[in-house]
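Asks: Numbering (this note's numbering), first residue to last: 6 to 271.
Cβ coordinates follow ideal geometry from the N, Cα and C atoms, glycine included.
Predicted model only: the values in this text are computed from it and were never measured.
Below: one structure in structure tokens.
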Amino acid sequence: MKLCENKIALVTSATRGIGLACAKKLAENGAKVYLAVRRLDAGQKVADEIIAEGGQAGVVYFDADKEETFASMVDEVVAKEGRIDILVNNYGATDVKVDFDLVNGDTDGFFRIVENNLKSVYIPCKQAVKSMIKTGGGSIVNISSVGGKYPDLSRMAYGISKSAINYLTQNIAVQYARQGVRCNAVMPGFIATDAAMQNMSEDFLKMFLKNVPLNRPGQPEDIANAVLFFASDMSSFVTGETMPVAGGFGLPSPMYAMYQDMKSKG
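Here it is as structure tokens:
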């Protein structure tokens, strides 16, 4: 039996990268997957590919700039299927033109990014939990980031929004466990999506990997596998966890990269 047989799933921002990998992974494992997307034509193309491969898929409208869609996409799935069993909140963004450190970052931009990233998880969770309580439970998986765990010199708004999502995840887990709702978060490290690789120089990647014990970028499939674990009954006794999927980034001594350089120089 497939791990998500007969489950109804919703994945936000699912036409590329991590979201696409998650949608396909859940479909391969028996879920009927709704792709919550802004570009409905692109979403339908992915849904058609999933169907052609023997899966089940549909499309609902989600636009990160239209707050009303944060609830309506969940409501649309529930209206069509009578329930939602799995919610994967994959959307998250920043603005590299304004998201810097405290002094140099744009104040309005900071609050805009934090609000958008947090609301696009908080509101879908609220709508999904309302339904899950009525239908006997479900699993929510929030895609966070190691940036929500480790402070950095820039992207402060993004990191703080992800930190807030981690805490939101734990609160939902505690508040609705007795109703059968589980909520966990996956914290990706550097993932080699097309967008990430196009915006990262080879020199920066080499420098970054010195701090990753497994010594490679992650793949979208790595995140999708973690999402499948949390979405399925494999993790039926797991809730409120925020799991890094980052190749060990952040685990070693802060001197780790320096030690590696010393070893390589003999």
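Considering Gln-180, what are the terminal residues of the alpha helix (DSSP H) in which it resides?
Replies: Where Gln-180 is concerned, the enclosing alpha helix (DSSP H) stretches over 161-181.
Asks: Is the Cβ-Cβ distance between Lys-131 and Ala-76 less than 9 Å?
Replies: Cβ atoms of Lys-131 and Ala-76: closer than 9 Å.
Asks: Mind the definition here: the region 97-117 touches the region 207-218 only if three or more C-beta pairs lie below 8 Å; say whether that holds.
Replies: Touching, no.
Asks: Could you tell me the alpha carbon to alpha carbon distance between Pro-225 and Lys-215, rounded to whole angstroms?
Replies: Cα to Cα, the separation comes out at about 21 Å.
Asks: Out of Val-191, Glu-73, Ala-201, which has the shortest C-alpha to C-alpha gap to Thr-174?
Replies: When each option's Cα is compared against that of Thr-174, the closest is Val-191.
Asks: Mind checking which residues open and close the alpha helix (DSSP H) that includes Gly-143?
Replies: Segment 143-148 is the beta strand (DSSP E) holding Gly-143; no alpha helix (DSSP H) there.
Asks: Kindly indicate which three-state DSSP category Ala-62 falls into: helix, strand or coil?
Replies: Strand at Ala-62.
Asks: Mind checking Ala-52: buried by the 16 CB within 10 Å criterion, or exposed?
Replies: Ala-52 should be labelled buried.
Asks: Is the beta carbon of Asn-230 sitting closer than 9 Å to the one on Lys-29?
Replies: For Asn-230 and Lys-29, no; Cβs fall outside 9 Å.
Asks: Compare the beta carbon distance of Ala-14 and Leu-92 with 9 Å and say whether it is the shorter of the two.
Replies: Taking 9 Å as the Cβ cut-off, Ala-14 and Leu-92 qualify as a contacting pair.
Asks: So does Val-134 have its beta carbon nearer than 8 Å to some heavy atom of the ligand ZN?
Replies: Looking for the ligand ZN in the displayed structure turns up nothing, as the structure carries no ligands at all.
Asks: What is the DSSP secondary structure of Asn-189, counted as helix, strand or coil?
Replies: Of the three classes helix, strand and coil, the one that applies to Asn-189 here is strand, per DSSP.
Asks: Quick one: is Tyr-172 buried, meaning 16 or more other Cβ sit within 10 Å of its Cβ, or exposed?
Replies: Looking at its Cβ environment, which holds fewer than 16 other Cβ atoms inside 10 Å, Tyr-172 is exposed.
Asks: Among the candidates Leu-40, Asn-189, Ala-98, Ser-241, whose CA atom is the shortest distance from the CA of Val-146?
Replies: Taking only the C-alpha atoms, the option nearest Val-146 is Asn-189.
Asks: Between which residues of its own chain and Ser-149 is the CB-CB distance below 6 Å, once the five residues before and five after are set aside?
Replies: Cβ within range, chain order: Lys-167, Ile-170, Asn-171, Ala-190, Met-192.
Asks: Report back the beta-carbon spacing between Gly-252 and Leu-219 to the nearest angstrom; my notes put them in contact at under 8 Å.
Replies: The pair is a contact, with the Cβ atoms about 4 Å apart (cut-off 8 Å).
Asks: Does the pairing of the region 231-238 with the region 258-269 give three or more beta-carbon distances under 8 Å?
Replies: Verdict: no, contact absent.
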